[in-house]
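Residue numbers (the numbering used here), protein chains in the order written: chain W, 159 to 640; chain L, 10 to 326.
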Amino acid sequence: MSADIFEYAPAPESRAIVKLNSEYGLFINGKWVPPQSKKKFFSINPATEEVLARVSQGNQADVDKAVKAARAAYNKVWSKTKPKERAKYLFRIARLLQERAREFAVLESLDNGKPIRETRDVDVPLSAAHFFYHAGWADKLEYAGYGDNPKPYGVVAQIIPWNFPLLMLAWKVAPALATGNTVVLKPAETTPLTALLFAEICQQAELPAGVVNVVTGDGATGAALVNHGDIDKVAFTGSTEVGKLIASSIADRGIPATLELGGKGANIVFDDAPIDEAVEGIINGIFFNQGHVCCAGSRLLLQESIVDDFLTKLQSRMAKIRVGDPLDKNTDLGAINSAAQLSKIKELSESGTKEGANVWSAPCSLPNKGFWYPPTIFTGVTQAHRIAREEIFGPVLSVLTFRTPQEAMEKANNTPYGLSAGIWTEKGSKILWAAQQLKAGVIWANTFNKFDPASPFGGYKESGWGREGGRHGLAAYIKGAK
Amino acid sequence: MSELGNKLIDGSESSLRAFLDNLPGVDKVGAEGRAAMLGTRSIKTTSKARAIDLAISMVDLTTLEGADTPGKVRSLCAKALRPDPRDLTVPHVGAICVYNDMVKVARNYLDSIGGQSIPVAAVSTAFPSGRASMEVKLRDTLDAIESGASEIDMVIDRGAFLSGKFGLVFDEIREIKALCGEKAHLKVILETGELATYDNVRKASYLAMLAGADFIKTSTGKVSPAATPPVVLVMLEAVRDFFALTGKKIGVKPAGGIRTTKDAIKQLVLVNETTGPEWLSPKLFRIGASALLNDLLMQRMKLSNGRYSSANYVTVD
Numbered sequence: 159m160s161a162d163i164f165e166y167a168p169a170p171e172s173r174a175i176v177k178l179n180s181e182y183g184l185f186i187n188g189k190w191v192p193p194q195s196k197k198k199f200f201s202i203n204p205a206t207e208e209v210l211a212r213v214s215q216g217n218q219a220d221v222d223k224a225v226k227a228a229r230a231a232y233n234k235v236w237s238k239t240k241p242k243e244r245a246k247y248l249f250r251i252a253r254l255l256q257e258r259a260r261e262f263a264v265l266e267s268l269d270n271g272k273p274i275r276e277t278r279d280v281d282v283p284l285s286a287a288h289f290f291y292h293a294g295w296a297d298k299l300e301y302a303g304y305g306d307n308p309k310p311y312g313v314v315a316q317i318i319p320w321n322f323p324l325l326m327l328a329w330k331v332a333p334a335l336a337t338g339n340t341v342v343l344k345p346a347e348t349t350p351l352t353a354l355l356f357a358e359i360c361q362q363a364e365l366p367a368g369v370v371n372v373v374t375g376d377g378a379t380g381a382a383l384v385n386h387g388d389i390d391k392v393a394f395t396g397s398t399e400v401g402k403l404i405a406s407s408i409a410d411r412g413i414p415a416t417l418e419l420g421g422k423g424a425n426i427v428f429d430d431a432p433i434d435e436a437v438e439g440i441i442n443g444i445f446f447n448q449g450h451v452c453c454a455g456s457r458l459l460l461q462e463s464i465v466d467d468f469l470t471k472l473q474s475r476m477a478k479i480r481v482g483d484p485l486d487k488n489t490d491l492g493a494i495n496s497a498a499q500l501s502k503i504k505e506l507s508e509s510g511t512k513e514g515a516n517v518w519s520a521p522c523s524l525p526n527k528g529f530w531y532p533p534t535i536f537t538g539v540t541q542a543h544r545i546a547r548e549e550i551f552g553p554v555l556s557v558l559t560f561r562t563p564q565e566a567m568e569k570a571n572n573t574p575y576g577l578s579a580g581i582w583t584e585k586g587s588k589i590l591w592a593a594q595q596l597k598a599g600v601i602w603a604n605t606f607n608k609f610d611p612a613s614p615f616g617g618y619k620e621s622g623w624g625r626e627g628g629r630h631g632l633a634a635y636i637k638g639a640k
Numbered sequence: 010m011s012e013l014g015n016k017l018i019d020g021s022e023s024s025l026r027a028f029l030d031n032l033p034g035v036d037k038v039g040a041e042g043r044a045a046m047l048g049t050r051s052i053k054t055t056s057k058a059r060a061i062d063l064a065i066s067m068v069d070l071t072t073l074e075g076a077d078t079p080g081k082v083r084s085l086c087a088k089a090l091r092p093d094p095r096d097l098t099v100p101h102v103g104a105i106c107v108y109n110d111m112v113k114v115a116r117n118y119l120d121s122i123g124g125q126s127i128p129v130a131a132v133s134t135a136f137p138s139g140r141a142s143m144e145v146k147l148r149d150t151l152d153a154i155e156s157g158a159s160e161i162d163m164v165i166d167r168g169a170f171l172s173g174k175f176g177l178v179f180d181e182i183r184e185i186k187a188l189c190g191e192k193a194h195l196k197v198i199l200e201t202g203e204l205a206t207y208d209n210v211r212k213a214s215y216l217a218m219l220a221g222a223d224f225i226k227t228s229t230g231k232v233s234p235a236a237t238p239p240v241v242l243v244m245l246e247a248v249r250d251f252f253a254l255t256g257k258k259i260g261v262k263p264a265g266g267i268r269t270t271k272d273a274i275k276q277l278v279l280v281n282e283t284t285g286p287e288w289l290s291p292k293l294f295r296i297g298a299s300a301l302l303n304d305l306l307m308q309r310m311k312l313s314n315g316r317y318s319s320a321n322y323v324t325v326d
């Protein structure tokens with residue numbers, strides 16, 4: 159038996175479970191309504207450029223209608239619903255997400271381009287877990303440490319990104335509902351479909367009309383929502399650039415915002431690290447979800463004494479990453495979410511080469527159609543390179559080196575961002591020391607990209623305001639809580 | 010002292026300790042996570058058919074019972090040569106693995122039925138505990154080789170390893186290896202279930218390889234846990250890195266607890282994505298098993314005729 163014939167045959171997950179409409183309206187006040195803009199746009203599969211559905215472009219009038227519906231639902235129904243009843247709805251939503259998990263996983267892979275292994279094992283189960291977790295809080299809020307009579311804000315405007323469409327929805331919607339707010343949600347332009355399927359879940363769960371409203375559209379729709387005069391709070395996940403616009407827009411209106419923004423996370427590998435697992439962690443840190451992760455470990459800081467051996471292992475591991483059809487259960491790296499994102503990744507990568515860093519991409523064949531980028535690393539990167547400072551948001555890793563632990567801390571913190579960091583060493587005291595030095599909201603030790611609804615997530619500096627998840631995340635939706 | 014050892018260590022207790030203690034640690038959570046992730050690989054249709062035949066050809070078909078008799082061993086040998094008597098396209102297994110006193114029976118019978126190409130492996134060095142004097146261990150091994158064993162599955166002295174006497178373990182393996190010479194392949198059983206930590210598994214793997222092992226093997230099959238995927242992953246990583254260090258390819262043999270086709274395919278995936286496909290050969294990867302073979306045969310039948318047959322369609326030995 160010749161050895162090289164153990165190729166994995168395609169193992170595609172069936173798309174038959176997903177029943178897509180050809181067109182979608184807006185979900186306002188518990189009903190599907192056509193957009194007043196009368197405009198629609200296409201949501202496509204980034205792996206094939208196939209059109210999946212036509213989706214409505216919400217305008218100012220649509221946003222207004224949605225905010226009114228959310229306000230009425232808050233005043234008439236949701237603010238009068240007992241906390242333990244709110245919990246029941248959340249539990250119901252969580253269970254429905256589990257029951258329809260495969261449908262959500264396949265649809266998310268289709269619309270986003272991420273591998274089914276990740277949607278199946280991460281996005282969808284974690285989304286359900288967020289609803290379960292917050293369902294538990296709904297009738298225990300007076301024990302959360304925010305006073306004995308915690309109150310919601312009212313109507314919350316929520317804008318979510320395209321990298322984890324359903325999961326970011328769960329991070330936003332679950333705590334908002336648990337604390338008694340009503341929601342107007344604007345999913346990302348390129349990935350609206352799981353949010354629209356979630357609207358169906360709300361109907362199926364018999365959530366009162368208007369408690370969750372979904373208005374699809376582009377940046378203009380988002381701006382209309384943020385600038386609407388009758389919202390009580392903004393929650394946004396996305397780029398730092400847009401986050402700054404939102405911050406200035408609400409500055410004179412006296413409404414609060416939580417912002418989860420960009421990052422340029424440092425994954426720091428000391429010479430006493432568990433090397434094989436560190437290699438896995440670096441791979442996971444930058445190639446999980448095609449690197450479309452705000453907390454990605456996009457800067458690898460390597461202790462100089464182990465650089466050569468580590469990079470050899472890293473490259474040989476990268477060569478085994480399976481790039482291709484997101485619906486194939488054996489795919490590790492799927493499609494880049496959009497043509498625009500692909501050109502941004504290319505532009506920044508080119509700057510890396512131009513500025514003198516050495517590029518290496520894993521040898522892999524990329525499909526002809528769709529948006530693809532191979533797993534790539536840049537070595538010889540310094541703090542002065544653009545690719546060491548700007549968020550690439552793609553499968554591109556910048557490798558820097560350090561000589562002493564103190565230097566590693568200085569380089570890791572030398573960024574306007576502060577979302578995540580990873581520490582790799584077998585020495586416990588070094589982990590505790592480094593964790594105290596690092597200015598980042600999430601610090602992982604000997605692991606990376608681990609999430610749990612009970613664990614708060616958020617950034618330092620330009621990576622954002624506020625926390626999501628855990629007891630701390632509840633504060634974002636309780637009036638006056640800090 | 011093997012030539013390889015000379016480059017990395019001088020054979021002294023202190024040089025061994027320095028080398029082994031300098032190996033990077035294994036993060037338990039990370040290693041288990043990687044193994045679990047590789048366990049989700051989906052092997053279908055043509056690749057599954059190939060994987061099943063590959064796995065059959067890697068099975069060290071084993072009987073290690075106090076109740077073993079020549080009759081039992083002969084029927085196992087017949088099965089090793091013709092796993093499915095109705096389908097002669099099924100490859101023969103990798104080897105027969107028996108106790109010392111059954112080696113001659115197995116060798117003679119295999120030779121008489123046309124199974125000359127199937128090696129007989131003998132468990133040795135006071136298997137499974139290894140608790141005997143070196144004199145007895147050497148005699149045990151020599152006896153097996155003289156009876157016709159071309160593969161020796163020795164156990165290491167776990168007591169010595171756990172009490173830090175790396176030199177003692179190293180010397181025992183070297184002496185057995187010297188005895189095997191060109192006549193027999195040496196598989197060194199680490200008994201990972203007794204070593205308890207992945208750090209120890211990595212150290213013992215290197216210790217065995219430095220001392221001249223041709224294969225490193227997880228377990229005797231008498232201790233649980235045995236060949237768990239993370240343990241095999243750590244051993245494969247050691248083999249891969251040892252190859253990078255020395256240019257020598259060492260084989261890996263998980264044994265114990267691999268009972269289903271699914272388990273076996275998971276092992277092949279670990280190999281494929283850790284050392285790479287050049288290790289996907291009976292020369293460098295074996296699976297110590299008994300019940301596994303029948304499950305592989307039943308899955309093979311299912312793939313070829315589309316339905317599951319009753320257990321009576323596979324032979325009991």
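The beta carbon of each residue, even a glycine, is placed where N, CA and C say it ideally should be. In this text the structure is predicted, and so the values were computed from the model without any measurement.
Residue i classed as buried or exposed, judged by whether at least 16 other C-beta atoms fall within 10 angstroms
{"i": "W:L325", "result": "buried"}
{"i": "L:V38", "result": "exposed"}
{"i": "W:R561", "result": "exposed"}
{"i": "L:I18", "result": "buried"}
{"i": "L:N281", "result": "buried"}
{"i": "W:N442", "result": "buried"}
{"i": "W:Y635", "result": "buried"}
{"i": "L:A187", "result": "exposed"}
Cβ of residue i within 7 Å of any chain W Cβ
{"i": "L:L327", "result": "As displayed, chain L neither begins before 10 nor continues past 326, which places residue 327 of chain L out of reach and without an answer."}
{"i": "L:G256", "result": "no"}
{"i": "L:T206", "result": "no"}
{"i": "L:K311", "result": "no"}
{"i": "L:V323", "result": "no"}
{"i": "L:D36", "result": "yes"}
{"i": "L:K53", "result": "yes"}
{"i": "L:N209", "result": "no"}
{"i": "L:R50", "result": "yes"}
Boundaries of the beta strand (DSSP E) in which residue i is found, first to last residue
{"i": "W:N641", "result": "This structure does not reach residue 641 of chain W, given that chain W is present from 159 up to 640, and the question cannot be answered."}
{"i": "L:L199", "result": "Here L:L199 belongs to no beta strand (DSSP E), and DSSP marks it neither H nor E."}
{"i": "L:F251", "result": "First-last for L:F251: 238-255, but that is the alpha helix (DSSP H), not the beta strand (DSSP E)."}
{"i": "W:L265", "result": "Per DSSP, W:L265 belongs to no beta strand (DSSP E); it is in the alpha helix (DSSP H), 259-270."}
Within-7 Å CB hit, residue i to chain L
{"i": "W:I433", "result": "yes"}
{"i": "W:I175", "result": "no"}
{"i": "W:M159", "result": "Model confidence at W:M159 stands at a pLDDT of 39, short of 50, so the residue's coordinates are unreliable and nothing is read from them."}
{"i": "W:K391", "result": "no"}
{"i": "W:F164", "result": "yes"}
{"i": "W:A167", "result": "yes"}
{"i": "W:N641", "result": "Outside the displayed range of chain W (159 to 640) lies residue 641 of chain W, so it cannot be described from this structure."}
Boundaries of the alpha helix (DSSP H) in which residue i is found, first to last residue
{"i": "L:D93", "result": "That residue, L:D93, is in no alpha helix (DSSP H); it is neither H nor E in DSSP."}
{"i": "L:S214", "result": "207-220"}
{"i": "W:L500", "result": "497-512"}
{"i": "L:V278", "result": "270-283"}
{"i": "W:F560", "result": "Run containing W:F560: none in the alpha helix (DSSP H); it sits in the beta strand (DSSP E), 554-560."}
Contacts around residue i, its chain only, beta-carbon distance under 7 Å, and the 5 residues preceding and following it disregarded
{"i": "W:W236", "result": "G338, T340, P366, V369"}
{"i": "W:S473", "result": "In the sequence as presented, Ser is not what sits at residue 473 of chain W; that position holds Gln. Correct list, in chain order: W518."}
Cβ neighbours of residue i in the same chain (closer than 8 Å, five flanking residues each side left out)
{"i": "W:L265", "result": "V176, L178, L351, T352, L355"}
{"i": "L:M10", "result": "Note on L:M10: pLDDT 41, under 50, position unreliable in the model; the coordinate value appears next. G20, R183."}
Closer than 7 Å to chain A by CB, residue i
{"i": "W:N604", "result": "Given the protein chain composition of this structure (W and L), no chain A is represented."}
Beta-carbon contacts of residue i that lie in its chain and below 6 Å, excluding the five residues immediately before and after
{"i": "L:A220", "result": "F179, I182, R183"}
Continuous beta strand (DSSP E) assignments of at least 3 residues falling wholly in the stretch 420-455 of chain W = 424-427
Uninterrupted alpha helix (DSSP H) stretches inside the stretch 273-343 of chain W (no shorter than 4 residues) | 282-295, 323-336
Counting only runs that start and end within the stretch 512-537 of chain W, where is the beta strand (DSSP E) found for 3 or more residues in a row?
-> 516-519, 534-537
In chain order, which continuous runs of the alpha helix (DSSP H) of length 4 or greater are located wholly inside the stretch 123-160 of chain L?
-> 143-155
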